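According to the working numbering, the sequence shown holds residues 1 to 484 in order.
Note that beta-carbon positions come from the ideal geometry of N, C-alpha and C, so glycine has one too.
What you are looking at is a predicted structure, and each value in this text was computed from that prediction instead of being measured.
Below: the structure, in structure tokens.
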Amino acid sequence: MDLVPAPSGEDSLKTPVVEVEAVDMDQLAMSAEERALEDIPSTYETDSDDSEDWDTLSNADDAIQILRDDQIRDGLVPDACTLEEALGYRKRLHAIGKAAFVEETIVRETVTAKKLCTAFGIVPPAFLEGAPDEAYHSLLAIAISREFSRRPKLPQYNSIDDAVRLLRESRNIIVLTGAGISTSLGIPDFRSKDTGLYSKLEHLGLSDPQEVFDISVFREDPKIFFSIAKDILPTEKKWSPTHGFIRLLQDKGKLLTNYTQNIDNIEANAGVLPEKIVQCHGSFATATCVKCKFKVTGDEIFGEIKEGNVPECTACKKVIAEDSLKSQGLKRKRSSNGQQKDRKVSDDSSDEDDYEIPTPGVMKPDITFFGEDLPDEFGERLIHQDREKADLVIVIGTSLKVAPVAEVPGILPRNVPQIYISRTPVSHTDFDIDLLGDCDVVVSELSRRAGWDLKHHMIPDDEKVDITTVEGYESRHVFKVAGA
Ligand SMILES: [Zn+2]
């Protein structure tokens with residue numbers, strides 16, 4: 001069987017299960033009871049213990065293909081569940097648990113394991129084509145566990161009115177933000193391959209543009225990072241309507257925490273208070289000397305960065321200057337006493353041999369590079385403070401694929417409603433309401449409907465927004481400026 005052609009877009013069919021699992025941190029929130037694999041009936045264990053099956057399965061890891069809901073709806077896989085059937089099976093699984101679900105389906109033979117795999121978004125692999133249905137049991141067990149660990153969508157929240165009501169009634173809102181809320185300001189998303197940043201990085205001889213943010217590359221040659229840092233830095237104290245919306249939530253006493261993946265520190269420009277922001281990947285707000293750990297505010301080195309220079313540590317420079325004064329004094333002293341001078345020279349000889357001009361440390365902005373630990377504040381605050389308080393989650397301008405922000409929806413209690421605002425929907429997490437489109441347009445329309453005054457020069461006073469509901473998804477709505 002030919003596999004379904006992979007569509008363009010992030011959630012390609014070729015995405016292996018393991019990768020999805022890697023970002024699916026729902027499991028963190030699972031209770032031990034839910035986690036118990038005893039739920040899977042013994043027939044599955046027998047299958048799994050069969051070494052032949054294991055080999056087949058492990059060889060086939062690459063062949064496991066993810067099926068998105070829109071692909072299920074469009075009937076791209078032969079003999080697959082319809083979207084309606086798939087949604088029904090998922091709902092049933094969450095309602096009755098894994099053991100009862102398997103009893104009701106596979107044990108009673110009401111549906112084949114092969115077909116049931118598609119209900120949970122897994123394409124039956126080509127190498128199993130023609131095999132007895134039992135051959136699909138191992139794969140189905142994975143599919144069921146994966147689905148069961150997902151937070152199911154809350155059925156009572158679907159419409160724009162529901163979203164507006166949630167905004168008005170919630171008191172402790174967690175806002176998760178990503179690059180999408182800053183792109184309208186001309187700040188490139190360095191993860192996006194479409195930005196000029198990437199082609200620029202090719203000129204620097206980097207095989208993977210993300211190497212710019214690799215700590216070992218930085219240590220080796222900080223010039224690479226600073227040659228592009230000026231393009232990431234906001235040029236003026238501006239902010240987008242979406243940043244303004246977060247500020248508005250704060251003014252209304254509704255903002256619990258804004259967890260942001262962004263390092264541009266634009267939230268601060270909009271007046272979001274430092275105690276309301278967790279910068280999950282750090283930010284340019286401060287910088288630290290790589291040698292002596294001296295810390296400065298970002299403002300103190302922005303001038304150097306703007307000019308494309310490598311900012312150097314003033315504390316190190318001071319020490320070097322003082323040392324050089326001291327050693328000059330020492331030389332004078334040495335020359336006044338021949339014997340002492342000789343002994344000194346021999347004592348210091350190793351230093352003299354390795355003599356290098358002392359250099360000040362480089363000031364590294366306190367953004368988290370690949371290979372560095374994430375700031376502790378994230379988990380501390382989320383688990384010990386925000387988890388119990390949050391009554392609404394709004395995810396804006398991020399595909400939620402990068403840890404640790406990607407983990408948040410799974411860590412929070414499952415009854416907390418979750419709204420997603422971005423250009424394209426994601427399939428690895430189920431939000432209660434998806435509001436698709438330019439996030440500035442979505443938040444301005446939401447504010448309008450909530451009766452809130454979100455003033456921003458980028459929002460025309462007479463802006464009219466058309467909203468259409470995506471066919472087959474009562475909770476998915478597309479926002480477009482009328483006439484645009
Ligand atoms: Zn220093």
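Three-state class that DSSP yields for residue i in the structure shown
i           : result
residue 477 : strand
residue 260 : strand
residue 127 : helix
residue 470 : coil
residue 419 : strand
residue 153 : coil
residue 64  : coil
residue 162 : helix
residue 357 : coil
residue 294 : coil
residue 322 : helix
residue 459 : coil
residue 484 : coil
residue 236 : coil
residue 228 : helix
Same chain, Cβ closer than 7 Å to residue i, neighbours up to 5 away in sequence not counted
i           : result
residue 291 : 313, 316 and 361
residue 489 : It is not possible to answer for residue 489, since the shown part of the chain is limited to 1 through 484.
residue 414 : 151
residue 390 : 172, 174, 256, 412 and 416
residue 445 : 465 and 479
residue 441 : 465, 479 and 481
residue 490 : Outside the shown range of the chain (1 to 484) lies residue 490, about which nothing can therefore be said.
Residue i Cβ short of 8 Å to ligand 1 heavy atom set
i           : result
residue 365 : no
residue 358 : no
residue 120 : no
residue 284 : no
residue 451 : no
residue 315 : yes
residue 294 : yes
residue 361 : yes
residue 280 : no
residue 117 : no
residue 326 : no
residue 289 : yes
Contacts around residue i, its chain only, beta-carbon distance under 8 Å, and the 5 residues preceding and following it disregarded
i           : result
residue 269 : 234, 237, 238, 239 and 243
residue 255 : 173, 175, 246, 249, 272 and 276
residue 264 : 182, 187, 232, 233, 234, 283 and 284
residue 378 : 259, 278, 280 and 404
residue 153 : 430, 431, 432 and 475
residue 91  : 152
The alpha helix (DSSP H) enclosing residue i, as first and last residue numbers
i           : result
residue 286 : Residue 286 -> not in any alpha helix (DSSP H); beta strand (DSSP E) instead, spanning 282-289.
residue 447 : 439-450
residue 250 : 241-251
residue 89  : 83-96
residue 364 : Counting along the chain, residue 364 falls outside any alpha helix (DSSP H), though it belongs to the beta strand (DSSP E) covering 363-367.
residue 217 : 215-220
residue 72  : 69-73
residue 395 : Element bounds for residue 395: not the alpha helix (DSSP H) but the beta strand (DSSP E), 392-396.
residue 409 : 408-411
residue 379 : 377-381
Which listed residue (the options) has its alpha carbon closest to that of residue i
i           : options               : result
residue 470 : 165, 160 and 212      : 160
residue 465 : 435, 475, 473 and 457 : 435
residue 408 : 177, 301, 85 and 189  : 177
residue 118 : 75, 413, 251 and 282  : 75
residue 295 : 285, 375 and 260      : 285
residue 479 : 215, 468 and 473      : 468
residue 395 : 279, 259, 411 and 307 : 259
residue 483 : 213, 104, 476 and 463 : 463
residue 184 : 437, 254, 328 and 297 : 437
residue 267 : 181, 145 and 424      : 181
residue 427 : 211, 147 and 231      : 147
residue 228 : 359, 320 and 302      : 302
residue 109 : 133, 326, 88 and 373  : 133
residue 457 : 241, 308, 169 and 113 : 241
Opening and closing residue of the beta strand (DSSP E) in which residue i lies
i           : result
residue 139 : Per DSSP, residue 139 belongs to no beta strand (DSSP E); it is in the alpha helix (DSSP H), 137-149.
residue 177 : 173-177
residue 306 : Looking at the DSSP string, residue 306 is not in any beta strand (DSSP E); the run it does join, the alpha helix (DSSP H), is 299-306.
residue 278 : 277-279
residue 436 : 433-436
Residues near residue i by beta carbon distance below 6 Å, same chain, minus five either side
i           : result
residue 122 : 143
residue 157 : 417, 432 and 433
residue 139 : 117
residue 166 : 392 and 417
residue 11  : Reliability of the predicted coordinates at residue 11 is poor, the pLDDT of 36 falling under 50, and the value obtained from them is presented with this limitation in mind. Taken in chain order, the residues that qualify are 68 and 427.
Chain D contact for residue i (CB, 9 Å cutoff)
i           : result
residue 446 : Absent here is chain D; the protein component of the structure consists of one chain.
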